[in-house]
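For what it's worth, the numbering used here labels the leading residue of the sequence shown as 6, then goes sequentially. Here's the structure we're looking at; comments come further down.
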Amino acid sequence: MHILEYLFPRQCLICSRVGFDICDKCFTTIKHTLPECFVCNKLSNGYRCHKKCFNISVQCLTGWYLTKSLRLNLDKQKSLQIYSSYIYLLNKLVSGIQLDNYKIYPLSSTRNQRINDYLASFLRNKIGKNNQKNVLIIGEYIDDINSFKKQITEFSLKEPGDIKAILLFKNS
């Protein structure tokens with residue numbers, strides 16, 4: 006343990022248990038999302054958007070449903086610029102994904118740009134530099150579907166590879 010952890014111990018985001026960003030007991034209470042199209046919110050195979058919903062093939066993996074209580078706790082931490090809970094959840098979400106062959110970009114957002122930039126830079130630092138043509142967009146959640154579609158369209162024009170998105174939460 007670092008000396009700062011003795012002075013300012015981490016507490017579980019949900020139950021305030023000391024020593025964890027989110028304890029295992031509380032983590033199991035956060036509901037996972039089902040694989041669905043990010044445009045119409047109907048079920049789809051492999052988190053891909055339907056061809057009738059969007060003309061570009063995008064795989065958008067969403068981690069968990071964002072409830073009101075979880076949002077309030079995260080917003081309180083975000084206002085204090087404490088992002089350790091976000092990093093914990095992001096590590097859980099991408100633990101089984103090979104990120105070596107992706108260029109990582111933050112999700113463009115009007116409300117969450119700071120946290121999206123932070124999450125993207127964290128993953129970039131974790132995997133190091135690469136020269137791949139596949140695009141991975143990282144963000145907290147989609148707050149404007151049209152700006153997300155516009156961002157995907159821009160990437161599809163300048164980057165010829167596969168486009169994927171990883172979002173921590175889906176608004177419920």
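Quick reminder that beta carbons are idealized off the backbone N, C-alpha and C, glycines included. As the structure is a computational prediction, the values presented were derived from the model and not from experiment.
Less than 8 Å separates the beta-carbon of D167 from that of N139. Judged by their CB atoms, G68 and L172 are nearer to each other than the 8 Å cut-off.
Collapsing the DSSP output to three states places Y146 in coil. Across the structure, F174 and K163 are spaced so that their CA atoms are roughly 27 Å apart. When C-beta atoms of the region 48-66 are compared with those of the region 78-90, fewer than three pairs fall below 8 Å, so the two segments do not count as touching. Here Q118 carries a helix assignment [DSSP, helix/strand/coil]. Secondary structure at I168: strand, using DSSP grouped into helix, strand and coil. Excluding the 5 residues flanking it on each side, Y11 has no same chain C-beta neighbour closer than 8 Å.
Membership of I109 in the beta strand (DSSP E) is indicated by the continuous run 108-111. With fewer than 16 other beta carbons inside 10 angstroms of its own, S74 counts as exposed. Per DSSP, reduced to three states, the secondary structure at F59 is coil, with no helix or strand assignment. If the five residues before and after C31 are omitted, its C-beta is found closer than 6 Å to the C-beta atoms of C17, I19, C20, all from its own chain and listed in chain order.
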